[in-house]
Amino acid sequence: MTSKSHSLLTLCVHAGEVVDRNVGGVTTPIHTASSYLYTDERGVCYPRYTNIPTQRAVCEKIAALEGAEAGLVFGSGMGAITSVFLALLSAGDHVLVHKDLYGGTHKLVTGELPRLGVEVGFVDGYETEDFERAMRPNTKMVYFESPTNPLLSIVDAAAVAEVARKHGAASVIDNTFATPINQTPHALGVDVVLHSGTKYLNGHSDLNCGAVTGTREMVRRIDDMNHTVGATLNVYDAFLMERGMKTLGLRVAKHNENAMALAGFLEAHPKVGAVHYPGLASHPGHKVAARQMRGFGGMLSFEPDCGVAEARKIVDSLELFMHAVSLGGVESLVCLPALTSHAMMPRHERLAAGITDTLIRVSTGIEDADDLIADLKQALARI
Ligand SMILES: *Cc1c(COP(=O)(O)O)cnc(C)c1O
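Mind the numbering: the sequence shown is residues 15 to 397 in the working numbering, read in order.
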């Protein structure tokens, strides 16, 4: 049994674990049944209700890591996000979202919510006053990410949570990029924390998962919505999640260290213009990041001083870094957001948002930092 006094590294390994009393196994067993003998004590056990011990182990581990009363896992990050929006908003409500959003979340708030009678407002800047100004009397929820994709911009989580609380709205953060190892937003006053567990929490690029943490009552409401949505994490992936999360603390420490080393190398490179990493003193969000984060994460992006074809050449010349979307795995990845995550955005809007045609996003893995730097060096030498 773990307790609140245990450190994050200990919680990663032990929080939520189920010791298999039948045979004495020290890891959480996979319970495959979709039907369970009814007892008055157990009630109805059913995978879609996320109450199978294999699933509960992951719920409890993420709750412990985020320092929350309760946690819940989902079949994908979007399953978690959709359940949160549907649980907390009704027709006639206004939701305030920050403009830097994951693509799927952007589609939900622009393509689906207005159809259901929910008004959506966008916050354009990164200052607390930008949020304050956009609040309306019927604002029920304030939603943001930090750090954001792909420029690693920083939102002051404590200040935004305070703005929401003053107006009686729930504050919600997508904490995927930071992970609970680097940032625990509940401690900053944020009501709901969510994750794409597909990324760092699992860490091995081999499944889809989502997670939500909050008070017992908040998580109960969201869980109740997911009984209808049905975006449930199956027990096989729940097993892999719990196993992956045991090494989260170790992995994130190495992601942080590697990303810092790469950012320093890139910043000093004559062929590189801007480097976006909140750990750099030159980053506009550095001060706030240093206050609200314990580490600056494994994501960064940079702009080589060259044209589009040459930026593509850098990406194609890399040998260790693979050209692929997604992030947060043990392997290092690169992508060109203009071609991938932000390809649907009109070019003038994309440029106005600071996402240039040559911007290269890096998901730093846990390989040796010198090997990664050598790879970037040889690729940059080709242009
Ligand atoms: C990937 C991602 C999501 C969506 O998660 P899925 O597991 O792909 O559904 C949401 N938010 C952020 C920040 C992400 O990176």
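Every residue, glycine too, gets a C-beta built ideally from N, C-alpha and C. Everything numeric in this text was worked out from a predicted model, so none of it was measured.
- For Ile187, the beta-bridge partners assigned by DSSP are Phe158 and Val207.
- The DSSP-derived three-state label of Val376 is strand.
- At least one heavy atom of ligand 1 lies closer than 7 Å to the C-beta of Thr190.
- Set against 7 Å, the gap from the CB of Gly224 to the closest heavy atom of ligand 1 is smaller.
- Using a cutoff of 7 Å, the CB of Leu127 does not count as near ligand 1, since none of the ligand's heavy atoms is closer than that.
- In this structure, Gly312 places its C-beta atom within 8 Å of the C-beta atom of Thr378.
- Per DSSP, Cys223 lies in no alpha helix (DSSP H) segment and is marked neither H nor E.
- For Ser355, the secondary structure class from DSSP, reduced to helix, strand or coil, is coil.
- Inclusion of Tyr116 in the 7 Å shell around ligand 1 follows from its C-beta lying nearer than that to a non-hydrogen atom of the ligand.
- Collapsing the DSSP output to three states places Met255 in a helix.
- For Ala388, the closest of Leu332, Leu347 and His337 by C-alpha to C-alpha distance is Leu332.
- Taking C-beta atoms as the reference points, Val137 and Val123 fail to come closer than 8 Å.
- DSSP, read as helix, strand or coil, puts Cys73 in helix.
- By the CB criterion at 8 Å, Phe316 and His297 fall outside the cutoff.
- Burial is judged here by how many other beta carbons sit within 10 angstroms of a residue's own beta carbon; Ser17 has fewer than 16 and is exposed.
- For Ser90, same chain residues with a beta-carbon under 8 Å away, outside a window of 5 residues either side, are Ser210, Thr212, Asn222, Cys223, Gly224 and Ala245 in chain order.
- In the DSSP assignment, Met313 falls within the unbroken beta strand (DSSP E) covering Met313 to Pro318.
- Judged by DSSP secondary structure, Phe88 falls within the beta strand (DSSP E) whose first and last residues are Ala84 to Phe88.
- Gly91 has its Cβ nearer than 7 Å to a heavy atom of ligand 1.
- Spanning the alpha carbons of Pro199 and Arg396 requires a straight line of approximately 42 Å.
- Within the same chain, and ignoring the five residues on either side of Val132 in sequence, the residues whose Cβ sits closer than 7 Å to its Cβ are Leu103, Ala105, Asp107 and Val109.
- Collapsing the DSSP output to three states places Asp107 in coil.
- Residue Leu276 holds the alpha-carbon nearest to the alpha-carbon of Lys391 among Ile380, Val207, Leu276 and Arg326.
- Annotation note: the region 262-310 contains the following uninterrupted beta strand (DSSP E) runs of length 3 or greater, listed N- to C-terminal: 286-290.
- In the pairwise beta carbon analysis, the region 189-209 is classified as touching the region 224-238: at least three pairs are separated by under 8 Å.
- Under DSSP, Asp34 shares a beta bridge with Gly39.
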